[in-house]
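J.: Can you keep this structure in mind? I'll have questions shortly.
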């Protein structure tokens with residue numbers, strides 16, 4: 580089950596979100612397939628974030644560069660899908676430049692928690708997911724009941740469901756927290772996701788208060804303060820094939 584779109588149109592063109600997606604795609608295309616396996620590993624060690632190196636006072640630039648590197652097509656496309664769905668509304672809420680600063684700060688907070696959780700690690704961390712987790716945390720705070728369409732796939736059956744954002748993002752965060760605290764060894768930086776998400780919520784809190792805080796939620800009922808987009812949802816079906 581994963582989200583494919585929300586029902587929350589933005590009021591301005593999300594130029595920064597588009598630019599971030601484009602930069603991530605271009606950077607990935609610039610190095611993917613250009614190296615052999617040992618060369619790619621060295622590339623990630625050079626430009627990815629290595630906690631042991633950071634705490635030794637080296638590789639400070641990787642605090643930024645690691646946010647624009649990805650370990651494969653699925654890693655890249657998954658992150659860009661989440662940024663595409665939720666980034667435009669956060670950019671609309673913050674404005675272009677503040678949103679860019681918000682995104683970078685969330686990525687830095689994600690890196691900080693990952694380093695704190697595994698300070699002796701000498702393996703590189705790459706990916707935009709920490710910064711994007713911050714976008715999710717902020718979205719949850721401002722639009723907890725916005726409708727998000729999720730795709731459920733079960734063998735040959737699939738169906739799209741419209742679910743409130745607090746359920747989708749709450750489940751996502753719960754899984755990151757559970758895996759992060761459980762020190763799951765599958766190569767995913769769960770603590771970075773947790774750190775980014777919490778940072779996003781904290782940094783968005785002043786924006787929520789400027790809108791009236793709890794009163795804003797009461798007025799909007801947790802939904803976007805504008806008409807939501809409407810999509811036609813229909814279940815899939817398996818065609819009947821006549822048999823002789």
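Numbering (our numbering), first residue to last: 580 to 823.
Note that CB positions come from ideal geometry on N, CA and C, so glycine has one too.
Note that the structure is a prediction, hence the values are computed from the model and not measured.
1. Closest by CA to residue 658, which one among 723, 753, 601 and 673?
2. Quickly, what does DSSP pair residue 727 with across the bridge? List them, please.
3. Skipping 5 residues on each side, what residues in its chain have a beta carbon closer than 7 Å to that of residue 701?
4. Which runs of the alpha helix (DSSP H) fall wholly inside the stretch 585 to 630 and span at least 4 residues, in chain order?
5. Residue 654 lies in the alpha helix (DSSP H); which residues open and close that run?
6. In this structure, what does DSSP give as the bridge partners for residue 646?
7. Can you tell which of 761, 699, 646 and 655 has its C-alpha closest to the C-alpha of residue 604?
8. Closest by CA to residue 588, which one among 751, 665 and 675?
9. Across which residues does DSSP place residue 732 in a beta bridge pair?
10. Taking the C-alpha atoms as reference points, what is the distance between residue 584 and residue 776?
11. If you follow the alpha helix (DSSP H) that residue 769 is part of, which residue opens it and which one closes it?
12. Comparing C-alpha positions only, which one of 745, 597, 622 and 809 sits nearest to residue 717?
13. Going by CA-CA distance only, name the one from 641, 741, 626 and 649 that's closest to residue 611.
14. Which word fits residue 804, buried or exposed, when buried means at least 16 other C-beta atoms lie within 10 angstroms of its C-beta?
T.: In brief:
1. 601
2. 585 and 742
3. 629 and 631
4. 594 to 610 and 616 to 626
5. 652 to 673
6. None, per the DSSP bridge assignment.
7. 655
8. 665
9. 737
10. 19 Å
11. 769 to 789
12. 745
13. 649
14. exposed
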